[in-house]
Amino acid sequence: MKLLFITHDASRSGAPLILLYFIKWLNTHSKNVDCDLLFVHGGVLESDFKKECNEVFYVKKGHKPLKFSELIWIKIKKKLGLRAKNTTDELFTVLANNHYDLIYANTIISVPFGVQIKNRIPNVKLLLHIHELNTQIKILLPNFNQYKGNIDCFIAASNIVKNNLVNNWNVSEDLIEVIYEFSVVKQFETPKSKTIFTVGASGLSYWRKGNDIFLQVASHIKNNYPDAKIKFVWVGNEFRDKPIIDADIIKLGLKQYVHFVGEKEHPYEEFMFFDVFLLSSREDPFPLVCIEIANLEKPIICFEKASGTAEVVSKGGGYVVPYLDIKAMADKVMYYYNNPDKVNDDGRIAKKMFSEFTPDNKCPLIYQKIKDLL
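Counting from 1492, one number per residue, gives the positions in the sequence shown under the working numbering.
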């Protein structure tokens, strides 16, 4: 079986990590699978991917060095006055000649590339592992309707992702398989002695993750519970919003309360000091950080209609509050602040609820879906 994976980048974020975990699992558990990879963009995980894949190609950097015979043919075409293809066309021709059995597009950004390659390979299947909800699809691929008919199967990161495809994009339910995201978790002990109650959040600091909402919750608590000893810590790349968020922190008088500590190579060193975790996201299909946080026995507070995480937390391990209800989210923070035993109880429940989301449990489901398609 010969597979071509397409990743939108190699950042240390959810979708690329999921793909990396799956390819690693494939290499360990199925020796008859050859994995090639196409990067739309690169990133810090490039070297990790290269260790796991036979051949690696780049959309933005062109493709791997051409064979001598291919270079000669290009020169001959130029001398004959034949119109040269652009670099991407040349790349897709090289990929088509590899005769893949299946193209695995990871994220909505990969779809146009997957479709173009599929159109050059007879009988190849195209699978989309989709990690986006409606607003992100509209932003990243507004003409998704033009491509969806070329996709043979969808793997949705959670039920909310599936429902969006069905209700807003008219994708047939029969084509969609829900396989929840998964993560490799590390075992740490939470420090026994802590000086201050800590509300945590994590992720790329921008609108989708609700960095502004995080500030509003902190501001509500500061203004309504001035004697509460609470600090708020956000772990993650601060992106382009940093000047805006920094200004808001000053204007809201939160400089002593809120800390955006940036991206950390070892975020667990921050996570272990959290008491509760705020998933303040407007859209988040199934963030891996919640699996990691739950493993550390931290309760999770999130919004309804915003994430796949709510599908799990609604059964225990935290609270789901109405969408963008700042007061409701702040009230749950204060509930945990005033009831430390509930922090411990719900933390243990969270760990149990999220314990199934591991590569060993989920990767076989993805592999089976691939085999079913072929």
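Glycine included, each C-beta is placed from N, C-alpha and C at the ideal position.
Length at least 3, wholly inside the segment 1604 to 1692: the beta strand (DSSP E) runs in chain order | 1616 to 1621, 1644 to 1647, 1667 to 1669
Mind checking G1838: buried by the 16 CB within 10 Å criterion, or exposed?
-> buried
Which residues DSSP lists as bridging D1775, in chain order | S1798
Contacting residues, own chain, Cβ-Cβ under 6 Å from I1651 (five flanking each side not counted) | G1799
Based on Cα-Cα distance, which residue from S1805, P1778, D1816, G1808 lies nearest to R1503?
-> P1778
Once you ignore the five residues that flank I1628 on each side, which residues in its own chain have a CB closer than 7 Å to its CB?
-> I1599, F1635
Report the rounded CA-to-CA distance for K1700 versus C1854, giving the unit in angstroms.
-> 26 Å
Residue from T1686, K1733, D1739 whose Cα sits closest to the Cα of S1710 | D1739
For P1556, is the classification buried or exposed, using 16 other Cβ atoms within 10 angstroms of its Cβ as the cut-off for buried?
-> For P1556, the pLDDT reaches just 43, beneath the cut-off of 50, and the residue's location in the model is therefore unreliable, leaving the point undetermined.
With 16 other CB atoms within 10 Å as the buried threshold, where does L1511 fall?
-> buried
What is the C-beta distance between I1687 and K1713, in whole angstroms, given that I count them as a contact (C-beta under 8 Å)?
-> Wrong, their Cβ atoms sit about 14 Å apart, outside the cutoff.
For L1528 versus F1496, is the C-beta spacing smaller than 8 Å?
-> yes
Excluding five sequence neighbours on each side, which residues of the same chain lie with their C-beta closer than 7 Å to the C-beta of L1624?
-> I1651, V1652, N1655, E1774, P1776
Excluding sequence positions up to five away, which residues of its chain have a Cβ less than 7 Å from the Cβ of Q1707?
-> I1817
For W1725, count neighbouring C-beta atoms within 10 Å of its own C-beta (all shown protein chains included) and say buried if the count is 16 or more, exposed if not.
-> buried
Please go through the segment 1503 to 1537 and give each complete beta strand (DSSP E) segment of 3 or more residues, from N-terminal end onward.
-> 1525 to 1530
Any chance you could list the alpha helix (DSSP H) runs of at least 4 consecutive residues sitting entirely within the segment 1705 to 1777, in chain order?
-> 1733 to 1742, 1759 to 1762
Might you give, ordered along the chain, the residues of its own chain that have their beta carbon closer than 8 Å to the beta carbon of K1833, omitting 5 neighbours on each side?
-> P1790, Y1826, Y1827
Determine the burial state of K1639: buried for a count of at least 16 other Cβ atoms within 10 Å of its Cβ, exposed for fewer.
-> buried
Whole-number beta carbon distance between L1619 and A1596, since they are thought to touch under 8 Å = 5 Å
Enumerate in chain order the residues of its own chain whose CB-to-CB distance from G1533 is below 6 Å, with the five nearest sequence positions on each side excluded.
-> A1501
Under a Cβ-count criterion, where at least 16 other Cβ atoms within 10 Å of its own Cβ denotes burial, should H1757 be classed as buried or exposed?
-> exposed
Who are the Cβ neighbours of H1554 in its own chain at under 6 Å, not counting the five residues just before and after it?
-> Note that H1554 scores 44 on pLDDT, short of 50, meaning its location in the model is unreliable; the coordinates nonetheless yield the value given after this. Cβ neighbours of H1554 beyond the five flanking positions: F1548, L1582, V1585.
Given a threshold of 16 other Cβ atoms within 10 Å of its Cβ, counted over all protein chains shown, does P1831 qualify as buried or as exposed?
-> exposed
Is P1734 buried or exposed, if buried means 16 or more other CB atoms sit within 10 Å of its CB?
-> exposed
E1760 versus K1542, A1821, K1746, I1784, residue with shortest Cα-Cα distance | I1784
As assigned by DSSP and simplified to three states, the class of N1835 | helix
Cα separation between T1519 and V1824?
-> 42 Å
Span of the beta strand (DSSP E) around L1695 | From DSSP, L1695 is part of no beta strand (DSSP E); its letter is neither H nor E.
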